[in-house]
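The structure under discussion appears below in the form of structure tokens.
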Amino acid sequence: MTAGKTVRGGSRKFRLRLAAGRRLRLRPRAALPLLLALLLALLVPAACSMFKLPAEPAVSEAGGGAAAPDPFASVAWVNGEPVAYGEFQTRMLELRGEVVAETAKDGADPAAKSFWTSETGGRTPLGLLKEKTLDLLVRVKVQQIAAKEAGIAEDIGYKAFLSRLDAENRTRSSRLRRGEPIYGPQQYTEKAYYRYTLANLELALRQRLAEEDGDRSGKPLDDKRYEAWLNRQATNAVVRVNPSLYDKLSAE
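Residue 190 in numbering that gives the first Met the number 0 is what sits at position 191 of the sequence shown, and the numbering runs on without skipping anything.
Structure below.
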């Protein structure tokens, strides 16, 4: 039965007939057991439908009976550009080790069950992890936005990134099956491809910024000037978070 569909019951008259259409005449003694069987056949399904147990609610893989957040829902915005929940959560997991080491120096116990939610120095490790991840993604997004405005990149959304990752891995699999050479790994992980694409974007952006700065040598902007530019962009960025999703982010 589909959800929201009402099933209405009703009474129907049943007449026992032969295939040729004649009524079947039964002897009184032989008819009694058959009539009882017919009554049971009619009444039992009706009773079962009246007292049918409701279907069990679906439980998500995340556990707890709550649906997992949409990985492409916006957990934050940087200069109006959305940051996907899945992108934020994945980068969080990469920064776990850094936060564990930093808070352990301040006296936190990483082995404690309540480690991520216990305050140390006025804040929780989970809160620090979220802050570090947001800072990282602000820097990522301002670079992506600048690359898009310069015509270096097109779709800088996380869904488009995952589509490109899938296409790249399919291409590599096809080449391997045909015995053709490939450069780099046989298959990219999300983490490796994220860093690879960001490094290529940064290189192209450095070259464009150098040209705009009057450098016609073709060399990319040097580290010092690029870092100064990036810091200015990140500092001046307008950042908003979606509290309903930001609060659901987990270190697990």
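Positions of the beta carbon are idealized from the N, C-alpha and C atoms, including for glycine.
Query: Bridge partner(s) assigned by DSSP for Ser73; Result: Ala83
Query: Extent of the continuous alpha helix (DSSP H) to which Arg239 belongs; Result: Looking at the DSSP string, Arg239 is not in any alpha helix (DSSP H); the run it does join, the beta strand (DSSP E), is Val238 to Val240.
Query: Distance CB(Val74)-CB(Leu208) smaller than 7 angstroms; Result: no
Query: CB contact below 7 angstroms: Leu125 versus chain D; Result: In summary, chain D is missing from the structure at hand, where a single protein chain is found.
Query: Residues that Arg122 bridges to, as DSSP identifies them; Result: Thr119
Query: Alpha helix (DSSP H) segment containing Leu248, residue limits; Result: Neither: Leu248 is in no alpha helix (DSSP H) and is coded neither H nor E.
Query: For Ala159, three-class secondary structure by DSSP; Result: helix
Query: Three-way DSSP call (helix, strand, coil) for Tyr182 in this model; Result: coil
Query: Anticipated Cβ contact below 8 angstroms, Ala83 with Pro70, distance rounded; Result: 6 angstroms
Query: Three-way DSSP call (helix, strand, coil) for Tyr187 in this model; Result: coil
Query: Residue environment, Ala237, which counts as buried when at least 16 other CB atoms sit within 10 Å; Result: Sequence inspection shows Val at residue 237; the Ala mentioned does not correspond to that position. It is exposed - the Cβ of Val237 has fewer than 16 other Cβ atoms within 10 Å.
Query: Arg174 versus Pro180 - alpha carbon distance; Result: 7 angstroms
Query: Cβ pair Ala111, Thr119 closer than 7 angstroms; Result: no
Query: Reference Ala227; option with closest CA among Ala100, Arg138 and Val240; Result: Arg138
Query: Residue from Gly85, Arg231, Lys218 and Leu200 with nearest C-alpha to Tyr157; Result: Gly85
Query: Counted within 10 angstroms of its Cβ, other Cβ atoms place Gln185 as buried (16 or more) or exposed; Result: exposed
Query: C-alpha gap between Tyr187 and Arg171, whole angstroms; Result: 9 angstroms
Query: For Ala146, three-class secondary structure by DSSP; Result: helix
Query: Cβ neighbours of Tyr192 in the same chain (closer than 6 angstroms, five flanking residues each side left out); Result: Leu164
Query: Coarse secondary structure for Asn199, derived from DSSP in three states; Result: helix
Query: Cα-Cα separation between Asp154 and Arg194, rounded to whole angstroms; Result: 17 angstroms
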